[in-house]
Amino acid sequence: SMAKLLHFFGTIFILLSLVVFPIIGKKDENSFEKSINKESMSPKREKLSHFRFYFHDILSGTKPTSIMIVPPSKNTAKTGFGIVNMIDNALTLGPNLSSTIIGRAQGFYGSSSLSELSLLMIMNFNFIEGKYC
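According to our numbering, numbering within the sequence shown proceeds without interruption in unit steps and concludes at 399.
Written out as structure tokens, the structure is:
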């Protein structure tokens with residue numbers, strides 16, 4: 267009958283769509299699927315770098331580099347839980363702010379514990395001088 271024939275061809279079309287068409291389809295350069303080079307997955311010798319710089323977190327004055335953007339809640343005076351500061355701090359070669367600025371530490375930090383002193387720090391180091399800029 268016609269209904270059985272339509273059902274048969276419909277099933278064949280669905281199977282072809284699921285199996286054959288993806289195989290013959292053109293691979294798009296922007297697709298989510300990519301082949302992995304096995305050599306790139308093998309462990310390599312790690313390089314180690316030592317950084318030495320000074321971090322200047324200025325909280326007051328005419329040009330602070332760290333400002334409070336979220337105050338602590340009222341019942342957490344012991345730890346300052348909830349306080350969040352945004353930063354754009356100088357990184358220098360020496361301990362004095364007048365020494366050569368080699369970059370900036372940019373991001374934010376906050377008090378992250380109700381019961382003890384604890385900081386969550388999220389920042390980028392933006393180097394503007396030297397080997398790593």
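Cβ coordinates follow ideal geometry from the N, Cα and C atoms, glycine included. From a predicted model like this one, the values you see are computed outputs, not experimental measurements.
With DSSP as the reference, please indicate the residues paired to T358 in a beta bridge. To locate residue 358, count along the sequence shown from 1; it is residue 92. Per DSSP, the beta bridge partners of T358 are Y320, I367.
7 Å Cβ cutoff met for L383 and T345: Taking the sequence shown and counting its residues from 1, the one referred to as residue 383 is at position 117. Taking the sequence shown and counting its residues from 1, the one referred to as residue 345 is at position 79. Here L383 is near T345, since their CB atoms are less than 7 Å apart.
Are there 16 or more other CB atoms within 10 angstroms of the CB of G376, so buried, or fewer, so exposed? Walking along the sequence shown from the start, residue 376 turns up at place 110. Around the beta carbon of G376, 16 or more other beta carbons sit within 10 angstroms, so the residue counts as buried.
Which residues does DSSP list as the beta-bridge partners of F393? Looking up residue 393 in the sequence shown gives position 127. Per DSSP, G369.
Closest by C-alpha distance to I388, when choosing among K270, D354, H316: Residue 388 sits at position 122 when you count from the first residue of the sequence shown. Selected option, being the one with the closest Cα: D354.
DSSP three-state label for L325, please. The residue you call residue 325 lines up with position 59 of the sequence shown. Assignment of L325 by DSSP, reduced to helix, strand and coil, places it in the coil class.
Can you tell me the Cα-Cα spacing of K340 and S378, whole angstroms? In the sequence shown, residue 340 corresponds to position 74, counting from 1. In the sequence shown, residue 378 corresponds to position 112, counting from 1. C-alpha separation (whole angstroms): 15 Å.
Can you tell me whether L386 sits near the ligand GTP, meaning its C-beta is under 6 Å from at least one heavy atom of the ligand? The ligand GTP is not among the ligands present in this structure, which contains no ligands whatsoever.
Pick helix, strand or coil for S306, following the three-state DSSP scheme. Along the sequence shown, read from residue 1 onward, the residue named residue 306 stands at position 40. S306 falls in the helix class under three-state DSSP.
Beta strand (DSSP E) containing I335: first to last residue? Within the sequence shown, residue 335 is the residue found at index 69, counting from 1. 332 to 336 is the span of the beta strand (DSSP E), which, as asked, contains I335.
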